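A.B. asks:
Protein chains: 2
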Amino acid sequence: MINIQKSKRSMKSNFNYDDFVFGVQPTDHILLCNYKDGSWQSPSIMPYADIKMSPMSLCLHYGQTVFEGMKAFRQDNGQVIIFRPDKHFRRFNASLERMCMPAVEQDLFIEGIKELVRLEEHWLPEEQEINLYIRPFMIATEPRLGVKVSDEYLFCIVCTPMGLYYSEPVRLKVETEFVRAAEGGVGYAKCGGNYGAAFYPAQQAKIQGYDQVIWTDAKTHEYIEEAGTMNIAIVIDDRLITPKLSTSILDGVTRSSIIQIAKDLGMIVEERKVQLQELIDEFQSGKKIEIFGVGTAAVISPVKCINILGTEYYPYTANDATMFKLKKQLNDIRKGRSSDKYNWNWFI
Amino acid sequence: MINIQKSKRSMKSNFNYDDFVFGVQPTDHILLCNYKDGSWQSPSIMPYADIKMSPMSLCLHYGQTVFEGMKAFRQDNGQVIIFRPDKHFRRFNASLERMCMPAVEQDLFIEGIKELVRLEEHWLPEEQEINLYIRPFMIATEPRLGVKVSDEYLFCIVCTPMGLYYSEPVRLKVETEFVRAAEGGVGYAKCGGNYGAAFYPAQQAKIQGYDQVIWTDAKTHEYIEEAGTMNIAIVIDDRLITPKLSTSILDGVTRSSIIQIAKDLGMIVEERKVQLQELIDEFQSGKKIEIFGVGTAAVISPVKCINILGTEYYPYTANDATMFKLKKQLNDIRKGRSSDKYNWNWFI
Ligand SMILES: Cc1ncc(COP(=O)(O)O)c(C=O)c1O
Ligand SMILES: Cc1ncc(COP(=O)(O)O)c(C=O)c1O
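If you read the protein sequences in the order shown, they are chains A and B. In this text, residue positions in the first sequence follow my numbering: the first is 6, and each later residue adds one. In this text, residue positions in the second sequence follow my numbering: the first is 6, and each later residue adds one.
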């Protein structure tokens with residue numbers, strides 16, 4: 006049972022849906038649940054507010070933090086769904102295990118999200134293309150300066166409205182010097198440290214005129230892994246090609262959904278290593294190639310220019326590109342316009 | 006100018022010097038300094054207390070955190086010194102740069118530490134082997150759920166008493182599956198993410214009967230890099246051998262000090278790649294080999310057993326081992342018993 010204390014008034018009245026920056030405005034409530042003495046205490050949903058923390062909290066020093074990110078949508082008929090919370094739940098626990106943090110129960114995670122979204126669904130307007138971004142996260146809270154696994158944790162869920170993410174086609178640079186994640190490391194976990202570590206390489210790419218980097222494997226820098234904080238996929242003819250999962254690649258929920266949709270559309274899906282040289286060869290052969298990022302935020306982010314080892318190539322991004330069909334189909338499922346064969350939509 | 010607000014009474018009266026766990030008891034004050042609108046605000050030293058934080062603070066989500074760790078000692082004549090704060094300062098800023106965080110001025114960092122240690126030096130007893138562990142750290146505080154470099158930061162310094170760290174000889178396992186850091190990554194930075202990521206491999210090693218792991222390079226797993234959260238060094242005859250610095254190895258202050266001391270003692274110092282096969286060959290030749298971790302906490306941590314690719318070898322750890330001479334000399338310098346040729350001691 007979640008103890009609920011409702012906020013007296015909604016911050017929504019001061020929120021401008023027509024002009025806002027993503028991630029700044031929390032909704033009215035936060036779910037909080039403490040872990041101590043080896044077990045989870047009872048969760049509560051409270052009015053959104055700052056939290057008090059010891060300056061010695063382990064999460065501030067040793068990066069013992071894990072998060073998730075998913076979305077809730079209002080369907081055309083008015084009903085609100087959460088997209089694949091079960092898959093996010095499993096990934097959350099996989100991340101937690103790698104970071105030596107205690108698992109959460111499916112009940113706490115999914116019922117917590119549902120309960121919170123029920124309270125916040127009024128933030129989802131009927132007329133506008135706004136969805137709710139849901140951020141469950143866990144931080145190590147034991148106050149202790151020694152390098153050690155924390156004995157205390159705080160699990161939270163917050164939400165924030167998200168507009169239609171217009172994904173302008175991007176210019177990406179294949180990164181062969183900096184590394185996001187190595188096999189045997191924590192790249193497959195959604196732990197905080199992976200993201201802070203990726204800022205500098207992305208900043209350097211910006212200086213060179215690119216929007217983001219495409220990560221390559223730490224061992225040889227010959228294989229592509231991810232695109233910034235998205236998975237990466239390629240379409241050539243009727244094939245969808247995407248790097249095979251490994252300990253250095255995040256198991257994206259959008260990636261998995263797009264793979265399923267591509268199969269349903271009759272495409273051949275190849276999950277395997279993707280070599281830079283293969284891409285170069287395909288481009289040089291004059292083939293029509295689509296390259297795109299896949300992730301919760303933008304769903305699909307078309308790549309219009311890719312710098313591979315110093316040479317720029319130009320993937321196909323016209324309106325009839327296959328990636329947009331995949332995106333539309335995913336969107337149709339979520340909005341209730343297309344049949345939800347795989348039970349991806351969880352009604353609140 | 007640091008604004009100082011003294012605590013009304015010291016927590017020291019309730020502190021048991023004869024029986025305490027490292028890192029739990031803060032001293033009475035904390036230094037706090039906020040960064041916003043592109044510049045550092047004025048620092049203050051306040052009574053130690055919890056801090057208020059937005060649940061959306063970027064540090065809780067994307068691991069934009071950096072820390073340092075150094076020590077203050079009471080010398081035999083009663084004077085208090087801080088050991089090489091200038092070198093810790095440079096490393097702090099190097100870490101910050103890699104994490105896209107704003108540099109701090111030497112004045113804020115070193116004067117902040119000195120001022121704080123002046124207030125806390127009464128925590129250093131005359132009679133006991135207690136020193137003060139000093140923890141400067143910086144966290145990203147902008148409340149924002151988007152993956153971005155923070156525009157706001159909090160720089161803090163806290164202290165905690167530290168007892169004589171009895172470093173029992175340890176059993177270490179050479180890790181060839183899990184990875185702490187890759188070249189091109191953030192291993193050389195003291196960012197939080199590196200530490201949380203290392204918990205799981207260390208836990209697995211414990212299950213297998215070892216105290217910690219020895220990290221190898223992410224590319225080939227053929228070269229040793231560090232020992233847990235310490236640098237690693239080897240003594241064979243009159244040679245001190247230690248892995249050469251790279252982007253995957255932390256530039257340890259103790260490592261650098263021990264190298265200097267070894268040179269002063271007439272040893273040959275080799276900073277270079279150290280291959281596992283080389284160690285195996287040396288052990289198999291029957292040579293006397295010393296292996297030890299080097300770091301601020303224990304200074305030197307003797308290795309009594311090392312598992313290399315499944316075989317255990319037994320380095321030399323008797324009382325006459327060279328590593329103890331190096332440790333004693335470092336300690337003598339800090340305590341004022343030996344001349345401080347390199348100005349490592351900063352009086353408060
Ligand atoms: C590193 C990384 N890769 C890929 C993804 C895409 O995963 P998902 O589709 O589950 O959002 C994310 C998260 O959005 C990510 O942070
Ligand atoms: C990963 C790592 N290596 C090495 C060291 C040793 O560095 P120092 O001698 O500056 O304490 C530390 C910190 O103590 C560390 O965290």
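Glycine is no exception: its CB is placed at the ideal position from the N, C-alpha and C atoms. None of these values were measured; they are calculated from a predicted model.
So F88 of chain B is in the alpha helix (DSSP H); what residue range does that whole segment cover?
C.D. replies: Careful: F88 of chain B lies outside any alpha helix (DSSP H), inside the beta strand (DSSP E) at 85-88.
A.B. asks: Who are C38 of chain A's beta bridge partners in DSSP?
C.D. replies: Paired residue(s): A:F160.
A.B. asks: Measure the beta-carbon distance from P248 of chain B to I264 of chain B and round it to whole angstroms, keeping in mind my assumption that it falls under 8 Å.
C.D. replies: Actually they are not in contact, since the Cβ atoms of P248 of chain B and I264 of chain B sit about 12 Å apart, beyond 8 Å.
A.B. asks: Only counting the same chain, and skipping five residues up and downstream in sequence, which positions put a Cβ closer than 6 Å to that of N350 of chain B?
C.D. replies: I86, listed in sequence order.
A.B. asks: Mind checking if H34 of chain A is an interface residue toward chain B, Cβ cutoff 7 Å exclusive?
C.D. replies: With 7 Å as the cut-off, H34 of chain A does not count as an interface residue toward chain B.
A.B. asks: Below 8 Å, can you find three or more Cβ-Cβ pairs linking the region 38-54 of chain B to the region 173-193 of chain A?
C.D. replies: Touching, no, given that fewer than three Cβ pairs across the two stretches are closer than 8 Å.
A.B. asks: Looking at the strands, I want to know which residues DSSP matches up with G300 of chain A.
C.D. replies: Answer by DSSP bridge pairing, in chain order: A:V304.
A.B. asks: At a cut of 8 Å, does the region 29-47 of chain A reach the region 22-41 of chain B through at least three beta carbon pairs?
C.D. replies: Touching, no, given that fewer than three Cβ pairs across the two stretches are closer than 8 Å.
A.B. asks: Let me know the beta strand (DSSP E) ranges lying completely inside the region 59-127 of chain B, each 3 residues or longer, listed in chain order.
C.D. replies: The qualifying runs are 70-72, 75-79, 85-88.
A.B. asks: Apart from the five residues on each side of it in sequence, which residues of its chain come closer than 7 Å, Cβ to Cβ, to L169 of chain B?
C.D. replies: Around L169 of chain B: E134.
A.B. asks: Taking the straight line between their C-alpha atoms, what separation do you get for F25 of chain B and F204 of chain A?
C.D. replies: Answer to the nearest angstrom: the Cα atoms are 39 Å apart.
A.B. asks: Can you tell me whether DSSP reads I273 of chain A as helix, strand or coil?
C.D. replies: Of the three classes helix, strand and coil, the one that applies to I273 of chain A here is strand, per DSSP.
A.B. asks: Examine chain A for any beta-carbon lying closer than 7 Å to the beta-carbon of V184 of chain B, and answer yes or no.
C.D. replies: Closer than 7 Å: yes.
A.B. asks: Using a threshold of 7 Å, state whether the C-beta atoms of P148 of chain B and S62 of chain B are closer than that.
C.D. replies: In this structure, S62 of chain B lies closer than 7 Å to P148 of chain B by Cβ.
A.B. asks: Within the 7 Å Cβ cut-off, does M235 of chain B reach chain A?
C.D. replies: M235 of chain B does not count as touching chain A.
A.B. asks: Using a Cβ-Cβ cut-off of 8 Å (strictly less than) and excluding sequence neighbours within five positions of I254 of chain B, which residues of its own chain qualify?
C.D. replies: Within the same chain, I254 of chain B has close Cβ partners A186, G192, Y193, E230, E231, N236, P248.
A.B. asks: Going by CA-CA distance only, name the one from B:V163, B:F88, B:K92, B:P307 that's closest to Q111 of chain B.
C.D. replies: The shortest C-alpha separation from Q111 of chain B is found at B:K92.
A.B. asks: Relative to the C-alpha of T221 of chain B, which candidate in B:D33, B:A302, B:Q280, B:K293 has its C-alpha closest?
C.D. replies: Ranking the options by Cα distance to T221 of chain B, first place goes to B:Q280.
A.B. asks: Please determine whether the Cβ atom of T259 of chain A lies at a distance below 6 Å from any heavy atom of ligand 1.
C.D. replies: Yes, ligand 1 has a heavy atom inside 6 Å of this Cβ.
A.B. asks: In the DSSP output, what is Y138 of chain A paired with across the bridge?
C.D. replies: Answer is A:K76, A:T165.
A.B. asks: Closer than 8 Å by beta-carbon distance: list the chain B residues that pair up with D55 of chain A, in chain order.
C.D. replies: What D55 of chain A touches in chain B: K57, M58, S59, P60.
A.B. asks: For P31 of chain B and L137 of chain B, what's the separation of their Cα atoms in angstroms?
C.D. replies: Using only the alpha carbons, I get a separation of about 10 Å.
A.B. asks: If we ignore side chains and look at the alpha-carbon of each, how far apart do G151 of chain B and Y200 of chain A end up?
C.D. replies: Taking the straight line joining both Cα atoms gives about 11 Å.
A.B. asks: Among A:Q217, A:K224, A:A207, which has the Cα closest to the Cα of E188 of chain A?
C.D. replies: With distances taken between Cα atoms, E188 of chain A lies closest to A:K224.
A.B. asks: Just the Cα atoms here: how many angstroms apart are D243 of chain A and L270 of chain A?
C.D. replies: Roughly 10 Å between the two C-alpha positions.
A.B. asks: With three or more beta-carbon pairs closer than 8 Å as the criterion, would you say the region 120-130 of chain A touches the region 88-105 of chain A?
C.D. replies: The region 120-130 of chain A, when compared against the region 88-105 of chain A, does not touch it at the 8 Å Cβ threshold.
A.B. asks: Given the structure, does G68 of chain A come close to ligand 2, in the sense that its CB is under 6 Å from one of the ligand's heavy atoms?
C.D. replies: Outside the cutoff, so no.
A.B. asks: Return yes when the Cβ of E295 of chain A is within less than 7 Å of the Cβ of M272 of chain A, no when it is not.
C.D. replies: Against a cut-off of 7 Å, the Cβ pair of E295 of chain A and M272 of chain A comes out as no contact.
A.B. asks: Measure the C-alpha to C-alpha separation of A326 of chain B and F160 of chain B and round it to an integer number of angstroms.
C.D. replies: Their backbone Cα atoms lie some 41 Å apart in a straight line.
A.B. asks: Just to check, is the beta-carbon of G271 of chain A closer than 6 Å to a non-hydrogen atom of ligand 2?
C.D. replies: For ligand 2, not one heavy atom lies less than 6 Å from the Cβ of G271 of chain A.
A.B. asks: List the endpoints of the continuous alpha helix (DSSP H) containing R339 of chain A.
C.D. replies: Run containing R339 of chain A: 327-339, per the alpha helix (DSSP H) assignment.
A.B. asks: At a Cβ threshold of 7 Å, is V198 of chain B touching chain A?
C.D. replies: What sits at residue 198 of chain B in the sequence shown is Gly, not Val. It does: the Cβ of G198 of chain B has a partner Cβ on chain A nearer than 7 Å.
A.B. asks: Specify, as a first and last residue, the run of the beta strand (DSSP E) that L177 of chain B falls within.
C.D. replies: First-last of the beta strand (DSSP E) with L177 of chain B: 175-180.
A.B. asks: Comparing the C-beta of V122 of chain A with each C-beta of chain B, is any distance below 7 Å?
C.D. replies: Not an interface residue.
A.B. asks: Do you know how far the Cα of I162 of chain B is from the Cα of T70 of chain A?
C.D. replies: So the alpha carbons of these two residues sit roughly 21 Å apart.
A.B. asks: For ligand 2, is there a heavy atom less than 6 Å away from the beta-carbon of E231 of chain B?
C.D. replies: Yes, since a heavy atom of ligand 2 falls inside the 6 Å radius drawn around the Cβ of E231 of chain B.
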